[in-house]
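So for the sequence shown, this note's numbering puts the first residue at 30; every next one is plus one.
Where a beta carbon is used, it is the ideal one built from N, C-alpha and C, also for glycine.
See structure below.
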Amino acid sequence: MFCCNHNVGEEEYNLLLQIDRSALRSLNTVEQNAYKIFRPLHHKNDQTPMLESDTDEQIIIVIPFMSIVKLTNISVIGMGEHSPSSLKAFVNTEVDFDNCDGMPPTQSWQLNAGETELSTRVSSFSNVKQLVLYFDQNHGEDVTQISYIGLKGVWSPAPKDAIITKYELLANPADHPQVTETLNRSIN
């Protein structure tokens, strides 16, 4: 069963609190703190702080979740011509610059300059533990600038580790020495 934040209004399906901040990382960015662009919805139009690419226009953001997520929408706000123009999303797989172009994405989109609201194919994004966002192009500038990423959906608690037990069809007396001694005394 999936849950959501039970706040009123626009925050209802925001997955911000489900992001594992300590494991979140970004590749090819000036600052490594990608969490700063994941904000509550009522702060989405704040243009600072922003995430900026370092050596070229490509950015990879690896987003691990603390629970199982069903992702329904992704919002991206860029800075004019520095906005990303293409997004590829990968679910539950490790992606970096060595393999991102050769691997088929779970879903890809073309983005508008400025703000873009994207709907996901929910069947492909229904059991997400880690999401990788690969912004491979922008609208013609040398660097990409992103001021906001919002993730909407529902979540359920991560399952606990399985309990491994061993059941015996027939008891082995050698495994239970105290019982064997007790039985021998009562028979004699």
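Nearest-angstrom Cα separation, counted from residue j out to residue i
i, j, result
"F154", "D171", "31 Å"
"P69", "T135", "26 Å"
"G182", "T101", "5 Å"
"K140", "P93", "At residue 140 the sequence reads Leu, which differs from the Lys that was named. About 23 Å."
"V161", "G109", "23 Å"
"Y177", "V91", "15 Å"
"T77", "V151", "31 Å"
"I88", "L198", "57 Å"
"W184", "N43", "10 Å"
"E60", "D204", "60 Å"
"W138", "F126", "19 Å"
"E219", "K189", "Residue numbering for the chain in the displayed model covers 30 to 217; residue 219 lies beyond these limits and cannot be assessed."
"L48", "S115", "Sequence check: residue 48 is Ile here, not Leu. Each residue's Cα considered, the two are about 23 Å apart."
"N62", "V124", "18 Å"
"S104", "E144", "7 Å"
"E81", "T58", "6 Å"
Per-residue burial, residue i [other beta carbons within 10 Å of its own, 16 or more giving buried]
i, result
"S51", "exposed"
"H111", "buried"
"D165", "buried"
"T84", "exposed"
"G179", "buried"
"S148", "exposed"
Residues near residue i by beta carbon distance below 6 Å, same chain, minus five either side
i, result
"Y64", "R50, L53"
"P186", "S96"
"C129", "Y163"
"P113", "G107, L140, F164, N167, T173"
"L56", "I89"
"N201", "none"
Sheet register partners of residue i (DSSP bridge)
i, result
"L100", "G182"
"G109", "Bridge partners of G109: none, in fact."
"P93", "Q159"
Sequence-distant residues of its chain with Cβ nearer than 8 Å to residue i (five each side left out)
i, result
"T122", "M132, Q159, V161"
"D75", "R68, S176, Y177"
Close beta carbons around residue i, own chain, < 7 Å, minus the five adjacent residues each side
i, result
"M79", "I66, M108, Q174, I175, S176"
"L169", "Residue identity check: residue 169 is Gly in the sequence provided, not Leu. Hits under 7 Å: E110."
"H72", "none"
"V120", "T135, S153, F154, V157, L160"
Notebook entry, point to check: Which ranges does the beta strand (DSSP E) cover as unbroken runs of at least 3 residues, wholly within the region 131–207, from first to last along the chain?
Noted result: Runs of the beta strand (DSSP E) inside the region 131–207: 136–139, 144–148, 157–167, 174–186.
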